[in-house]
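J.: Numbering (full-length UniProt numbering), first residue to last: 1 to 283. Even glycine gets a Cβ: it sits at the ideal position worked out from N, Cα and C. Since the model is a prediction, treat every value here as computed from it, not as a measurement.
1. Hey, how far is the Cα of residue 96 from the Cα of residue 70?
2. Between residue 14 and residue 44, is the Cβ-Cβ spacing less than 8 Å?
3. Can you check whether the CB of residue 200 is closer than 8 Å to the CB of residue 105?
4. Where does residue 178 sit, in a helix, a strand or coil, going by DSSP?
5. Could you spell out where the alpha helix (DSSP H) holding residue 261 opens and where it closes?
6. Taking 8 Å as the CB-CB cut-off, is residue 121 touching chain C?
7. Report the rounded CA-to-CA distance for residue 258 versus residue 266, giving the unit in angstroms.
8. Residue 149 to residue 52, Cα distance in whole Å?
9. Suppose you measure from the CA of residue 123 to the CA of residue 197; what does that come to, to the nearest Å?
10. Can you tell me where the beta strand (DSSP E) holding residue 58 begins and where it ends?
11. What are the complete beta strand (DSSP E) segments, minimum 3 residues, inside the stretch 82–141?
12. For residue 112, which residues from the same chain have a beta carbon less than 8 Å from its beta carbon, with the 5 sequence-adjacent residues on both sides left out?
13. Would you identify the three-state DSSP class for residue 189, choosing helix, strand or coil?
14. Between 256, 156, 136, which has its C-alpha nearest residue 66's C-alpha?
15. I'd like the list of long-range same chain contacts for residue 12, defined as Cβ closer than 6 Å, with 5 residues on each side in sequence excluded.
16. Using the Cα positions of residue 262 and residue 255, report the straight-line distance between them to the nearest angstrom.
17. Closest by CA to residue 193, which one among 29, 20, 2, 130?
18. At the level of alpha carbons, what is the spacing between residue 98 and residue 253?
19. Could you please give me the residues that DSSP links to residue 5 through a beta bridge?
20. Going along the chain, which residues of its own chain have a beta-carbon closer than 6 Å to the beta-carbon of residue 5, five neighbours each way excluded?
21. Where DSSP assigns a beta bridge to residue 156, which residues make up the other side?
22. So, is residue 146 buried or exposed, given that buried needs 16 or more other C-beta atoms within 10 angstroms?
23. Checking 8 Å against the spacing of the C-beta atoms, do residue 108 and residue 10 come in under that value?
24. Can you name the start and end residues of the alpha helix (DSSP H) that residue 27 belongs to?
Shown next as structure tokens:
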């Protein structure tokens, strides 16, 4: 029987979502190299207006934000009922937007917020202090104002802690928690967990090929040769460092302290201590 429903690839921005999407795309193609230009077709952004419009064959150019949000929820329900979908999500969990009845499972990716902050600052073209402040804003929304030229629907991120909590505690169905740091430390093991969770029919050789194809240097090389549409204007490269703990050489002590002050409880829950990485207290 053909599977129908949606796997949500959910994360706060700059937490490894694109890396995991690349792994999924390669696993689905037998471990082949990834085409970054085709990633949006294999694992679409659920907030992309072009994808939403194509799903339900309705234009969104003159819609209000509330109307576009309702249209997005409708696209999830209809596509999930029709076929198997794997969708990128940066929103915090919202039961009205991500219907339980079409949910097959959630791959929830988390990363130390001290590494998220400088990466997101680079991606958005802001300073690190601004990124830290945004990560503590419970009302933070991308594309809050919309017009026909904006390619994405509004997405409510909220704070880093609130976002992570929403997917950990409220999302329905099976959930797989992937830590960016574990993906770096044990890519074979984590890719195997991912393939098992999604029910992909792949063997160990396929997993190994996919891991090699999605090695950070390999992805950076593809970006340099072919470009990548998700790289922001003015950003030197999308795939920057691919490291954990780089914050130690980037953040000032007061900046690291602000992040701990804003998000310490959730960081400890996930094993992100003051200077160490431990097993999550609760997944």
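T.: Let me spell this out:
1. Within the chain shown, residue 96 is the residue found at index 96, counting from 1. Within the chain shown, residue 70 is the residue found at index 70, counting from 1. Spanning the two alpha carbons is a distance of roughly 9 Å.
2. Position 14 of the chain shown, counted from the start, is the residue given in the question as residue 14. Position 44 of the chain shown, counted from the start, is the residue given in the question as residue 44. No; because the gap between Cβ atoms is not below 8 Å, this pair is not in contact.
3. Numbered from its first residue, the chain shown carries residue 105 at position 105. Numbered from its first residue, the chain shown carries residue 200 at position 200. No, they are not a contact pair.
4. Numbered from its first residue, the chain shown carries residue 178 at position 178. In the structure shown, residue 178 sits in a strand (DSSP, three-state: E or B).
5. Counted from its first residue, the chain shown places residue 261 at position 261. Counting along the chain, the alpha helix (DSSP H) containing residue 261 begins and ends at 253–269.
6. In the structure shown, chain C cannot be found, because there is only a single protein chain.
7. Position 258 of the chain shown holds residue 258. Position 266 of the chain shown holds residue 266. About 14 Å.
8. As a first step, residue 149 must be located in the chain shown, where it is residue number 149. As a first step, residue 52 must be located in the chain shown, where it is residue number 52. Its pLDDT being 42, under 50, residue 149 is placed unreliably by the model, and the measurement read from it follows with that caveat. Between residue 149 and residue 52, the C-alpha separation is close to 15 Å.
9. Start at 1 with the first residue of the chain shown, and residue 123 comes out as number 123. Start at 1 with the first residue of the chain shown, and residue 197 comes out as number 197. Annotation: residue 123 to residue 197 spans about 30 Å, alpha carbon to alpha carbon.
10. Translated into positions along the chain shown, residue 58 becomes position 58. It is not in any beta strand (DSSP E) - residue 58 carries neither H nor E in the DSSP assignment.
11. Counting whole runs of 3 or more residues, the stretch 82–141 contains the beta strand (DSSP E) stretches 84–89, 103–110.
12. Translated into the one-based positions of the chain shown, residue 112 becomes position 112. 180, 181, 244, 245, 247, 267, 272, 277, listed in sequence order.
13. The count along the chain shown starts at 1 and reaches residue 189 at position 189. In this structure, residue 189 counts as helix in the three-state DSSP scheme.
14. Counting from 1 along the chain shown, the entry for residue 66 is found at position 66. Checked all of 256, 156, 136; the closest Cα to residue 66 is 156.
15. Position 12 of the chain shown, counted from the start, is the residue given in the question as residue 12. The beta carbon of residue 12 lies closer than 6 Å to those of 160, 163 in the same chain, with the five residues before and after it left out.
16. Reading the chain shown from its first residue, position 262 is the one you call residue 262. Reading the chain shown from its first residue, position 255 is the one you call residue 255. Computed Cα separation, rounded: 11 Å.
17. If you number the chain shown from 1, residue 193 lands on position 193. With distances taken between Cα atoms, residue 193 lies closest to 20.
18. Within the chain shown, the letter at position 98 stands for residue 98. Within the chain shown, the letter at position 253 stands for residue 253. When rounded, the distance between both Cα atoms is 38 Å.
19. If you number the chain shown from 1, residue 5 lands on position 5. Beta-bridge pairing links residue 5 to 84.
20. Against the chain shown, residue 5 aligns to sequence position 5. 80, 102, 104.
21. Here the question's residue 156 lines up with position 156 in the chain shown. Looking at the DSSP output, residue 156 shares a beta bridge with 141.
22. One-based indexing of the chain shown puts residue 146 at position 146. Note that residue 146 scores a pLDDT of 48, beneath 50, so its modelled location is shaky and nothing firm can be said.
23. Start at 1 with the first residue of the chain shown, and residue 108 comes out as number 108. Start at 1 with the first residue of the chain shown, and residue 10 comes out as number 10. Contact flag set, yes.
24. The sequence position of residue 27 within the chain shown is 27, counting from 1. In the DSSP annotation of this structure, the continuous segment of the alpha helix (DSSP H) that includes residue 27 starts and ends at 17–28.
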